[in-house]
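Accompanying notes for the structure given below.
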Amino acid sequence: GGGGAGAAKAPARCAADDGNFLPTATSCSDEIEGCDTVFKTAATANTRDPMCDLEALADVAMKCAKTCAICCENPAFSCKDDPAYATLCPTWKDTCKSNISQVRDMMAKYCPSTCGLCEQGSCRDNLPGCAKMAILCNDAVAGPVWKDQCARTCNSCSAASSPAATTPATVVPGKPSGNGGSCVDTRECSSYVKNGFCTNTWYSEDFRRKTCGKSCGLC
Numbered sequence: 001g002g003g004g005a006g007a008a009k010a011p012a013r014c015a016a017d018d019g020n021f022l023p024t025a026t027s028c029s030d031e032i033e034g035c036d037t038v039f040k041t042a043a044t045a046n047t048r049d050p051m052c053d054l055e056a057l058a059d060v061a062m063k064c065a066k067t068c069a070i071c072c073e074n075p076a077f078s079c080k081d082d083p084a085y086a087t088l089c090p091t092w093k094d095t096c097k098s099n100i101s102q103v104r105d106m107m108a109k110y111c112p113s114t115c116g117l118c119e120q121g122s123c124r125d126n127l128p129g130c131a132k133m134a135i136l137c138n139d140a141v142a143g144p145v146w147k148d149q150c151a152r153t154c155n156s157c158s159a160a161s162s163p164a165a166t167t168p169a170t171v172v173p174g175k176p177s178g179n180g181g182s183c184v185d186t187r188e189c190s191s192y193v194k195n196g197f198c199t200n201t202w203y204s205e206d207f208r209r210k211t212c213g214k215s216c217g218l219c
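The sequence shown begins at 1 in the UniProt record's numbering and counts up by one.
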């Protein structure tokens, strides 16, 4: 039998050069129930149910993007998390659905891939090919246009406040340890203070007072 290696193979979807899936292949959630009844073979590190690649099932596969390991093809998940927060973003996933608009904007800026917020927030790519052509961000001729149209990929968004080094979940303060009174230290306070929480104006003074009032000297 002739060597099969000569046949040109379509590039694997959401996979690195070594054939293993990228973390972004499974970083989303399935949008519908019952994906495992349609695509019965669970994805491994480098294989997915062959049905996921059938043209006729393309729409269903996209709704079952996690099961099919094609999250990176869903525009809402197709960007990257901010490298500085990439390891923390998965631990903040519960914060993605916050109903506080400032928090959602912050998650859209720093953890867009984890949260499926690539198309939300003010910092986004307006062209479909931005990530593939990131080299153009610094191009002498195309750079300015690319930075404007591919702001997220080029990291050229106007700087917003960065999250405290603690999790954004701190926007929901823990129960105060004191008996009543709104100027108290919560249980997590000591670790917040180390990360500059007291002076982080991203949080309102009222919130800082309720969360770490004593330690921050705000009582």
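Beta carbons: idealized from backbone N, C-alpha and C, even for Gly. These figures come from a predicted structure and were not determined experimentally.
query	result
Compute the Euclidean distance between the alpha carbons of residue 151 and residue 184, then round it to the nearest angstrom.	41 Å
Kindly indicate the opening and closing residues of the alpha helix (DSSP H) around residue 93.	Note, residue 93: premise wrong, no alpha helix (DSSP H); not H, not E.
With DSSP collapsed to three states, give me the class of residue 52.	helix
Cα separation between residue 14 and residue 217?	50 Å
Leaving out five residues before and five after residue 80 in sequence, what residues of the same chain have Cβ atoms less than 6 Å from its Cβ?	113
Which of helix, strand or coil does DSSP assign to residue 150?	strand
Could you tell me the boundaries of the alpha helix (DSSP H) in which residue 106 lies?	101-110
CB-CB under 6 Å to residue 205, same chain, minus the five flanking residues each way: which ones, in chain order?	none
Only counting the same chain, and skipping five residues up and downstream in sequence, which positions put a Cβ closer than 6 Å to that of residue 131?	153
Around the C-beta of residue 16, are 16 or more other C-beta atoms found within 10 angstroms, so that it is buried, or is it exposed?	exposed
When you compare only the Cα positions, how much space is there between residue 50 and residue 34?	17 Å
Could you spell out where the alpha helix (DSSP H) holding residue 192 opens and where it closes?	189-194
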